[in-house]
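Peer 1: Have a look at this one before I ask anything.
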Amino acid sequence: MTKTMFGPAFTKDGVQFRLWAPLLESVSLKIEGSDPRPMQAAEDGWHRCTAADAGPGAHYRFILPNGLEIPDPASRFQPRDVHGPSEVVDLAAYRWNTRQWAGRPWEEMVIYELHVGCFTPQGTFKAAIERLDHLGELGVTALQIMPLSDFPGRYNWGYDGVLPYAPDSSYGRPEDLMALVDAAHERGISVFLDAVYNHFGPDGNYIPSYAPLFTDHHKTPWGHGINYDGDGSEMIREFIIENAIYWISEFRLDGFRFDAVHAIKDDSSEHLLHALARRVRAAAGDRHVHLIVENEENDSELLTRDAGGEARLFTAQWNDDVHHVLHVAATGETFGYYADYVGDSGKLGRALAEGFVFQGEHMPYRGGSRGRPSGHLPTTAFVSFIQNHDQIGNRALGDRIMASSPAEAVKAVTSIYLLAPQIPMLFMGEEWGAREPFPFFCDFDEDLNEKVRKGRREELSRLPGFDADEFLDPPSQSTFAAAKLDWSKPSAEMLEFYRTLLKLRHKRIVPLLKGAGGGNAAYHSAGATLAVDWNLAGNRRLHLDANLGSEAAPLLRRRQEGETIFHLGSDGGQLAPWTVIWRISKSEGLA
Numbered sequence: 328m329t330k331t332m333f334g335p336a337f338t339k340d341g342v343q344f345r346l347w348a349p350l351l352e353s354v355s356l357k358i359e360g361s362d363p364r365p366m367q368a369a370e371d372g373w374h375r376c377t378a379a380d381a382g383p384g385a386h387y388r389f390i391l392p393n394g395l396e397i398p399d400p401a402s403r404f405q406p407r408d409v410h411g412p413s414e415v416v417d418l419a420a421y422r423w424n425t426r427q428w429a430g431r432p433w434e435e436m437v438i439y440e441l442h443v444g445c446f447t448p449q450g451t452f453k454a455a456i457e458r459l460d461h462l463g464e465l466g467v468t469a470l471q472i473m474p475l476s477d478f479p480g481r482y483n484w485g486y487d488g489v490l491p492y493a494p495d496s497s498y499g500r501p502e503d504l505m506a507l508v509d510a511a512h513e514r515g516i517s518v519f520l521d522a523v524y525n526h527f528g529p530d531g532n533y534i535p536s537y538a539p540l541f542t543d544h545h546k547t548p549w550g551h552g553i554n555y556d557g558d559g560s561e562m563i564r565e566f567i568i569e570n571a572i573y574w575i576s577e578f579r580l581d582g583f584r585f586d587a588v589h590a591i592k593d594d595s596s597e598h599l600l601h602a603l604a605r606r607v608r609a610a611a612g613d614r615h616v617h618l619i620v621e622n623e624e625n626d627s628e629l630l631t632r633d634a635g636g637e638a639r640l641f642t643a644q645w646n647d648d649v650h651h652v653l654h655v656a657a658t659g660e661t662f663g664y665y666a667d668y669v670g671d672s673g674k675l676g677r678a679l680a681e682g683f684v685f686q687g688e689h690m691p692y693r694g695g696s697r698g699r700p701s702g703h704l705p706t707t708a709f710v711s712f713i714q715n716h717d718q719i720g721n722r723a724l725g726d727r728i729m730a731s732s733p734a735e736a737v738k739a740v741t742s743i744y745l746l747a748p749q750i751p752m753l754f755m756g757e758e759w760g761a762r763e764p765f766p767f768f769c770d771f772d773e774d775l776n777e778k779v780r781k782g783r784r785e786e787l788s789r790l791p792g793f794d795a796d797e798f799l800d801p802p803s804q805s806t807f808a809a810a811k812l813d814w815s816k817p818s819a820e821m822l823e824f825y826r827t828l829l830k831l832r833h834k835r836i837v838p839l840l841k842g843a844g845g846g847n848a849a850y851h852s853a854g855a856t857l858a859v860d861w862n863l864a865g866n867r868r869l870h871l872d873a874n875l876g877s878e879a880a881p882l883l884r885r886r887q888e889g890e891t892i893f894h895l896g897s898d899g900g901q902l903a904p905w906t907v908i909w910r911i912s913k914s915e916g917l918a
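Residue numbers (the numbering used here): 328 to 918.
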């Protein structure tokens, strides 16, 4: 079992319970079935108590001087939700079938984002195991699970978690999550977790009552920033960093997607993000562990490579720019931030060839500059997609791109992002053309529920697809139920289309990615037509020709180089509407 400073620890004398509560002089421990007992306070703010009569399965709380009973902030399991007792769990008791699993290289990743509660009708870790063969046959090599930190209520997207060491009990026990990871590894599938270190949820977070969790020196969209650089911040930083190491070590996860890192404010000499990446990689040892960021600022500095081409800090970033340009092409939407991606296919060319569309230029929607240069980075420093939980869920009806876009348009943009040298990510159900919405949902008390309703109407009114007159009620159970995948309605045609593309990707594209450096691509565009060329590994050159418009258009090249590996549409002298052609040739340098 990994040694941590937080949470219960098994010793030869029993279970040692620990709480860092520097704002309190005394704390008591209450184990269900026995009387409260005082904890021993130390000058460093720690309160400890070893109980010989406790063991796995024991339920316990901490009692503060004012009588408030609270769960362990590092609880391993909350059988009765965030306000209930914590349970002692012996994670070391799980017997792994895949102890020799060392992960997979980043270049091989085909990521599949899923929400455990909506992925299957049952909404559990155990039920998800039954669908892993489907994902393996599809060509998926990594799961990206939306946040699991225990949240209040029966259902939630996961970004309102308050107990980061406890997987939410609505999905099953910690051992069930271990079994899911184990089963995925048996099938050669890596498992990433979406981790939220920029805020805590609004209900069930007791830490501020006994420790300096927040600071008024930094502001975030959720209120005061987490105290990563003020008085008492050393232990707050450790609580978060140890949490990431805990998931990697105890649950043998293969990496993370870190939510909204631009909202993690820290003026320390070593920013929390740098310390986090450094220590997680050290804890993983020789295993392949991959760290992905969501970063609205498009800060390419977090993605720098060393002389050998390996990531110094973070492996890749979600590339919203690719999504936005492909979405505009397929749907014609120009509302909100999509207006900044309308014009010509050059924006898509830049996103595919260089990573970011905005690399320091003025972005009208933001009212200021955005991003840093990214063309020097390898294409694998970016994760591309046409759907994810945000881009679907932050629409009034949570509607997917398949719901209103022409099938030929969806197929065209799909064949671009699945075969491009960036790392592709699917959103659950996308592979069969699922039309179930994925609206935002939560389950708070009525006061918070009403605040959520009001907040989403006001704050998200600028987002594409959002209309206050058309609004799925987030707290309603029917909203949550609507988001569940219906496995009885797959489109066999679309599923075969995805399988074919991913098989082609693994056979022809993946072998060309390892060792392909940055600054190796060029693009040309005119109207809706696009031509992109990448110099990749093995002295090979990858070519894309596409017409993402509804009218035929001339080719941008005089001649077609190399072997055609994929062809959608036609090019009889001109590119028909929604035509996509991929070719591979020997590299002779970029034009």
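No residue lacks a Cβ here, since even glycine has one placed at the ideal position from N, Cα and C. Computed from a predicted structure; not experimentally measured.
(1) My output table needs one value for Glu434: the three-state DSSP class, helix, strand or coil.
(2) Hey, out of Thr331, Ala739, Gly842, whose CA is closest to Ala634's CA?
(3) What are the partner residues of Arg868, as DSSP defines its beta bridges?
(4) May I have the straight-line CA-CA distance separating Leu540 from Ala590, to the nearest angstrom?
(5) Using a threshold of 9 Å, state whether the C-beta atoms of Leu822 and Trp759 are closer than that.
(6) Along the chain, where does the beta strand (DSSP E) containing Arg584 start, and where does it finish?
(7) Assuming Pro529 and Leu775 are in contact, meaning their beta carbons sit under 8 Å apart, how far apart are those beta carbons, in whole angstroms?
(8) Using the beta-carbon count (16 or more within 10 Å), is Pro501 buried or exposed?
(9) So Ile295 and Gly889 are in contact, right, with Cβ under 8 Å, and what is the actual spacing, rounded?
(10) Quick check on the DSSP output: the alpha helix (DSSP H) that includes Arg677 runs from which residue to which?
(11) What did DSSP end up calling Glu377 once you bin it into helix, strand or coil?
(12) Which residue spans inside the region 713-789 form an unbroken beta strand (DSSP E) run of at least 3?
(13) Since Trp428 and Arg579 should fall inside the 8 Å C-beta cutoff, what is the C-beta to C-beta distance between them, to a whole number of angstroms?
(14) Would you mind giving the Cβ-Cβ distance between Asp495 and Phe478, rounded to the nearest angstrom? I have them listed as a contact below 8 Å.
(15) Return helix, strand or coil for Ile568, following the three-state DSSP convention.
(16) Just the C-alpha distance for Phe709 and Gln644, rounded to the nearest angstrom, thanks.
(17) Alpha carbon to alpha carbon, how far is Asn570 from Gln343? Give it in angstroms, no decimals.
(18) Have a look at Tyr825 and Phe641 and give me their C-alpha separation to the nearest angstrom.
(19) Which one or two residues does DSSP pair with Met690 in a beta bridge?
(20) Going by other Cβ atoms of all chains shown within 10 Å of its Cβ, with 16 needed for buried, is Phe921 buried or exposed?
(21) Does DSSP classify Glu890 as helix, strand or coil?
(22) Contact defined as beta carbons within less than 8 Å: I believe Gly725 pairs with Pro766. What is the distance between those atoms, to the nearest angstrom?
(23) When the Cα atoms are used, what is the spatial distance from Trp574 to Lys834?
(24) If you count every other CB in all the chains shown that lies within 10 Å of the CB of His512, and 16 or more means buried, which is it?
(25) Quick check on Gly301: does DSSP put it in helix, strand or coil?
(26) With 16 other CB atoms within 10 Å as the buried threshold, where does Pro400 fall?
(27) According to the Cβ coordinates, are Gln714 and Leu745 closer than 9 Å?
(28) If you pair each beta-carbon of the region 671-685 with each one of the region 846-853, do three or more pairs fall below 8 Å?
(29) To the nearest angstrom, how far is the alpha carbon of Arg345 from that of Phe527?
(30) For Trp920, count neighbouring C-beta atoms within 10 Å of its own C-beta (all shown protein chains included) and say buried if the count is 16 or more, exposed if not.
(31) Using only CA atoms, which one of Phe798, Ala739, Val669 lies nearest to Ala723?
(32) Taking the C-alpha atoms as reference points, what is the distance between Ile836 and Ser596?
(33) Would Phe685 pass as a contact of Ser696 if the rule is Cβ separation under 9 Å?
(34) Thinking C-alpha only, which one of Gly663, Tyr492, Asn866, Glu628 is nearest Val409?
(35) Could you give the distance in angstroms between the alpha-carbon of Asp521 and the alpha-carbon of Leu875?
(36) For His617, write down the residues that DSSP places opposite it in a beta bridge.
Peer 2: Judging by the given coordinates:
(1) For this step, residue 434 is matched to residue 107 along the sequence shown. It is helical.
(2) If you number the sequence shown from 1, residue 634 lands on position 307. Among Thr331, Ala739, Gly842, the Cα nearest to that of Ala634 belongs to Gly842.
(3) Against the sequence shown, residue 868 aligns to sequence position 541. DSSP output for Arg868 lists Asn862, Ser912 as bridge partner(s).
(4) As a working note, residue 540 is residue 213 in the sequence shown. As a working note, residue 590 is residue 263 in the sequence shown. The alpha-carbon atoms of Leu540 and Ala590 are separated by roughly 15 Å.
(5) For this step, residue 822 is matched to residue 495 along the sequence shown. For this step, residue 759 is matched to residue 432 along the sequence shown. Result yes, Cβ atoms of Leu822 and Trp759 sit closer than 9 Å.
(6) The residue you call residue 584 lines up with position 257 of the sequence shown. Per DSSP, Arg584 belongs to the beta strand (DSSP E) from 582-585.
(7) Residue numbering aside, residue 529 sits at position 202 when the sequence shown is read from its first letter. Residue numbering aside, residue 775 sits at position 448 when the sequence shown is read from its first letter. By a beta-carbon distance limit of 8 Å, Pro529 contacts Leu775. Their separation comes to about 6 Å.
(8) Within the sequence shown, the letter at position 174 stands for residue 501. Buried, by the Cβ-count rule.
(9) Since the displayed the chain opens at 328 and closes at 918, residue 295 lies outside it and no answer follows.
(10) Counted from its first residue, the sequence shown places residue 677 at position 350. Note, Arg677: alpha helix (DSSP H), 673-681.
(11) Your numbering for residue 377 matches position 50 in the sequence shown. According to the sequence shown, residue 377 is Thr rather than Glu. It is a strand residue.
(12) 750-754
(13) Taking the sequence shown and counting its residues from 1, one reaches residue 428 at position 101. Taking the sequence shown and counting its residues from 1, one reaches residue 579 at position 252. With 8 Å as the limit, Trp428 and Arg579 qualify as a contact, their Cβ atoms being about 7 Å apart.
(14) Residue numbering aside, residue 495 sits at position 168 when the sequence shown is read from its first letter. Residue numbering aside, residue 478 sits at position 151 when the sequence shown is read from its first letter. Contact flag correct, Cβ pair sits at about 6 Å.
(15) Taking the sequence shown and counting its residues from 1, one reaches residue 568 at position 241. In this structure, Ile568 counts as helix in the three-state DSSP scheme.
(16) Taking the first residue of the sequence shown as position 1, residue 709 is located at position 382. Taking the first residue of the sequence shown as position 1, residue 644 is located at position 317. One C-alpha to the other measures close to 5 Å.
(17) Within the sequence shown, numbered from 1, the residue matching residue 343 stands at position 16. Within the sequence shown, numbered from 1, the residue matching residue 570 stands at position 243. If I take the Cα positions, the gap works out to 19 Å.
(18) Along the sequence shown, one-based indexing puts residue 825 at 498. Along the sequence shown, one-based indexing puts residue 641 at 314. Each residue's Cα considered, the two are about 28 Å apart.
(19) If you number the sequence shown from 1, residue 690 lands on position 363. DSSP lists Gly695 as partners of Met690.
(20) Any question about residue 921 goes unanswered here, given that the chain covers just 328 to 918.
(21) The residue you call residue 890 lines up with position 563 of the sequence shown. Reduced to three states, the DSSP call for Glu890 is strand.
(22) By one-based count along the sequence shown, residue 725 stands at place 398. By one-based count along the sequence shown, residue 766 stands at place 439. At roughly 3 Å, the Cβ-Cβ gap stays under 8 Å, so Gly725 and Pro766 are in contact.
(23) Indexing the sequence shown from 1 puts residue 574 at position 247. Indexing the sequence shown from 1 puts residue 834 at position 507. One C-alpha to the other measures close to 32 Å.
(24) By 1-based counting over the sequence shown, the position of residue 512 is 185. Looking at its Cβ environment, which holds 16 or more other Cβ atoms inside 10 Å, His512 is buried.
(25) As shown, the chain starts at 328 and ends at 918. That puts residue 301 outside it, with no answer to give.
(26) On the sequence shown, position 73 is the one that residue 400 refers to. Buried, because 16 or more other Cβ atoms sit within 10 Å of the Cβ of Pro400.
(27) The residue you call residue 714 lines up with position 387 of the sequence shown. The residue you call residue 745 lines up with position 418 of the sequence shown. Taking 9 Å as the Cβ cut-off, Gln714 and Leu745 do not qualify as a contacting pair.
(28) Segments in contact, yes.
(29) Within the sequence shown, numbered from 1, the residue matching residue 345 stands at position 18. Within the sequence shown, numbered from 1, the residue matching residue 527 stands at position 200. Taking the straight line from one Cα to the other gives about 21 Å.
(30) Outside the shown range of the chain, which is 328 to 918, sits residue 920, and nothing can be said about it.
(31) Here residue 723 refers to the residue found at position 396 when the sequence shown is read from its first residue. Among Phe798, Ala739, Val669, the Cα nearest to that of Ala723 is on Phe798.
(32) Mapped onto the sequence shown, residue 836 falls at position 509. Mapped onto the sequence shown, residue 596 falls at position 269. Going from the Cα of Ile836 to the Cα of Ser596 covers about 41 Å.
(33) For the purposes of this step, residue 685 is taken as residue 358 along the sequence shown, with counting starting at 1. For the purposes of this step, residue 696 is taken as residue 369 along the sequence shown, with counting starting at 1. Yes, the pair counts as a contact, with Cβ atoms nearer than the cut-off.
(34) Counting from 1 along the sequence shown, the entry for residue 409 is found at position 82. Among Gly663, Tyr492, Asn866, Glu628, the Cα nearest to that of Val409 belongs to Tyr492.
(35) Position 194 of the sequence shown holds residue 521. Position 548 of the sequence shown holds residue 875. The C-alpha of Asp521 lies about 32 Å from the C-alpha of Leu875.
(36) Reading the sequence shown from its first residue, position 290 is the one you call residue 617. Answer is Gly582, bridged to His617.
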